[in-house]
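Report on the following structure.
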Amino acid sequence: MISNIITMVRKELIDAARDKRSVMAGLYYAIGTPLLMCGMFMLLIGQMTSPEDLNIKIENGSNAPDLVKYLSSQGITHGDSQSTNENGDKLDVKDIRLVISDDYAAQMAKGLSAEITLIADNSNEKLQNSIRRLERNLQTYSSEMGSLRLIARGIDPRVVQPIKVNVEDEATPDSKGGVILGVATMTMIYAVFISGMNLAIDTSAGERERNSLALLLSHPVSTRNIVLAKVIAVTVFAMVGLLLTLIISKISYAFVPWQELGFTVSISTEFILLMLLTGLPIALMAASLQLFVSFMAKTFKEAQSYLTLVLIVPMMLSMAASYNIAPDILQWLPVSGQQQALIAFIKGREIPMLQLLLSSLTTFIIAIGLAFGMERSLKSEKIVFGL
Amino acid sequence: MIKVCNLSKKIGDVQALNNLSFEANDGQITGLLGPNGAGKTTCLRTVFGLLQADEGHAEIDGVDVAKSPIQAKQQLGLFPDPFGLYERLTPREYISYFAELNGLSRTQAKDATQKVLTELHMDDIADRRCKGFSQGQRMKTALAQAIVHQPTNIILDEPTRGLDVMSTRVLRDLLKALKKQGHCVLFSSHVMQEVAALCDQVIVMAEGKVVAVGSPDELCQQTGKDSLEDAFIQLIGTDEGIAA
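In structure tokens form, the structure reads like this:
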């Protein structure tokens, strides 16, 4: 009876397309998320590429005019809370104090160690970068002074540098973007879960709440066909959401100034195709999972709160894959397996086919298992009448 | 023909059906009469396979509902309580959807839908979405859904609830027409007037059991009362849960 599956899918889609809540839920995510991601990347790139001036409090600066000059050439200057910059805006003075000892000049002149003290709250996350930057610059200045002292004594400064470390970065421009794109792929995969969610609840818990489930079940249609039709309808919605997300990402990512990071990120047509192909089993699983959970819930609202909890699981899998904190087993699991393959594709590496196939297979098996569970549950009076 | 044999069903601690047996024949209107909580809805839900009986079985045209549900339900139309409309569909879409689910092709379903829409004088609301429909319009939509595929057997659960006089008349005339065409009509009710006016056979139910079977006149004779209402109260032994 394939024809009645088609009839049911058609009806579910017409019904869903007229449900503003279901359509908007998908649309908000598909349009909003890529734009938000773009904004975030722009901010991130802005911070990474143009280090701002660092304003700190330097006490007794007059004792070490050369050091102060050096630091200011590196963009680290003295400022107090009243200072303003050339535009008249108040300076953002970091809570870091650099105290130069009273005998600094004397010690320097004698060729001894001159003391400076760096006072800052090391537990303050926001200061970490500034503190490290200051330390690095002080270190460089110190070793420069050391070299000068050695030269003055007729010694080759290389004597005190027994090892010279050369670092060659093998990362290709594209692979550097991996982390950023890991996050981007995560939001795309998540589109599959979000876009169909409202429809999944509406067509299961909602259908029971409106009393049409019992009516549908009393017609000569097998429970299996009903479940299949609902899973297909939700999957269609999820895939449309994914496609929209991809298209909007492709357009909006073109506006992010990637070149400033030394690599480009473009959503290629090949990537879109691969994403849609790997997204399909995930969409099937997402649809079955959401329907299964919603059928268990008694009301629309209850289903919503259950699903929010359930959706944390794919989110975690996906996060683990994007931040590379994953244990090896994650590459065989749904969502994370596919995501790692997608990230490999973006980085220009070979796609781990075996891994992709196996994780897609696990995804598919979970989807079928959930569908069977639903078929059984729809035969139970408790589920049908929400007893 | 709908036949129920020795149905027993426990819901929670309540014995909802207790060894219930009756028959509803083709070309007759059979009324299932009982006070609230007598097990009418449970009985009907068991007949269309939504509930499984602990004991006994239900047959539609000789096919056991529990054993081959899809075949059995093909000759069944259902007017449920509550209606279960899809509020975002129009009556035309709604009715033809269920016609297709009952095995009609798309074009057949379309034609059958148009026919039933005309029959129930629904052309003015046929292409409006069901959201915001009045109780009478909802009833007509649900009724059209039940008869669109011309099933031999039609089951109606509390069909007259919340209807005004006009809608009740439409319903009554339709049921009589169905009877004339030779359909088997089974409906549950607790409204005496309806049952007295329509039924060829009344099955009086209380506490999940059949208390008495017969035409309204026979029931009056049996109890020695003048009206069906008095006969009914005499039969079930209390006047709790009856609407006049």
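Going down the list, the sequences are from chains A and B. Okay, so the first sequence: first residue is 1252 according to the working numbering, each after it adds one. Okay, so the second sequence: first residue is 2 according to the working numbering, each after it adds one. Where a beta carbon is used, it is the ideal one built from N, C-alpha and C, also for glycine. Just so you know, these numbers come straight off a predicted model, no measurement behind them.
Over the uninterrupted alpha helix (DSSP H) stretch that includes residue i, give me the two end residues.
i	result
residue 1319 of chain A	1316-1324
residue 161 of chain B	No alpha helix (DSSP H) contains residue 161 of chain B, which DSSP labels as neither H nor E.
residue 1636 of chain A	1632-1636
residue 1545 of chain A	1520-1547
residue 1380 of chain A	1376-1403
residue 1506 of chain A	Premise fails: residue 1506 of chain A is in no alpha helix (DSSP H) and is neither H nor E.
residue 229 of chain B	229-237
residue 1258 of chain A	1253-1268
residue 196 of chain B	193-199
residue 1460 of chain A	1456-1460
residue 1361 of chain A	1355-1361
residue 1606 of chain A	1604-1628
residue 219 of chain B	217-224
residue 1584 of chain A	Here residue 1584 of chain A belongs to no alpha helix (DSSP H), and DSSP marks it neither H nor E.
residue 1465 of chain A	1463-1468
Within the 7 Å Cβ cut-off, does residue i reach chain B?
i	result
residue 1256 of chain A	no
residue 1262 of chain A	yes
residue 1468 of chain A	yes
residue 1611 of chain A	no
residue 1632 of chain A	yes
residue 1266 of chain A	yes
residue 1269 of chain A	yes
residue 1627 of chain A	no
residue 1624 of chain A	no
residue 1253 of chain A	no
Pull up the DSSP beta-bridge partners for residue i, would you.
i	result
residue 1305 of chain A	A:1327
residue 186 of chain B	B:30 and B:155
residue 206 of chain B	B:211
residue 6 of chain B	B:58
residue 1369 of chain A	A:1349
residue 11 of chain B	B:16
residue 1310 of chain A	A:1350
Below 7 Å on C-beta distance, what does residue i contact in chain A?
i	result
residue 71 of chain B	1471 and 1473
residue 1 of chain B	Because chain B in this structure spans residues 2 to 245, residue 1 of chain B falls outside the shown range and cannot be described.
residue 74 of chain B	1469, 1470 and 1471
At a CB-CB cut-off below 8 Å, which residues of chain A make contact with residue i?
i	result
residue 134 of chain B	Within 8 Å Cβ-Cβ: nothing; residue 134 of chain B doesn't reach chain A, min ~13 Å.
residue 103 of chain B	1470 and 1471
residue 86 of chain B	1461 and 1463
List, in chain order, every chain A residue whose beta-carbon is nearer than 9 Å to that of residue i.
i	result
residue 4 of chain B	Residues of chain A passing the Cβ test: none, with the nearest at roughly 18 Å.
residue 99 of chain B	1466, 1467 and 1470
residue 90 of chain B	1262, 1265, 1266 and 1269
Contact criterion: CB-CB distance below 7 Å. Does residue i meet it with respect to chain A?
i	result
residue 52 of chain B	yes
residue 80 of chain B	no
residue 10 of chain B	no
residue 49 of chain B	yes
residue 18 of chain B	no
residue 210 of chain B	no
residue 245 of chain B	Summary for residue 245 of chain B: the model assigns pLDDT 47, below 50, so the residue's position carries little reliability; its value from the coordinates is reported in the next sentence. Not closer than 7 Å to any Cβ of chain A, the Cβ of residue 245 of chain B fails to qualify, so no.
Between which two residues does the beta strand (DSSP E) containing residue i stretch?
i	result
residue 1346 of chain A	1344-1351
residue 23 of chain B	15-25
residue 1550 of chain A	Taken as a continuous stretch (DSSP letters only), residue 1550 of chain A belongs to no beta strand (DSSP E), as it is neither H nor E.
By the criterion of Cβ-Cβ separation under 8 Å, what are the contact partners of residue i in chain B?
i	result
residue 1635 of chain A	51
Would the beta-carbon of residue i be found less than 6 Å away from any heavy atom of the ligand ZN?
i	result
residue 230 of chain B	Looking at this structure, you won't find the ligand ZN or any other ligand, since it has none at all.
Inside the region 47-85 of chain B only - beta strand (DSSP E) runs reaching at least 3 residues: You should have 56-61 and 77-80.
query: Could you give the uninterrupted runs of the beta strand (DSSP E) lying entirely in the region 87-175 of chain B, keeping only those of 3 residues or more?
result: List check, beta strand (DSSP E) in window: 154-158.
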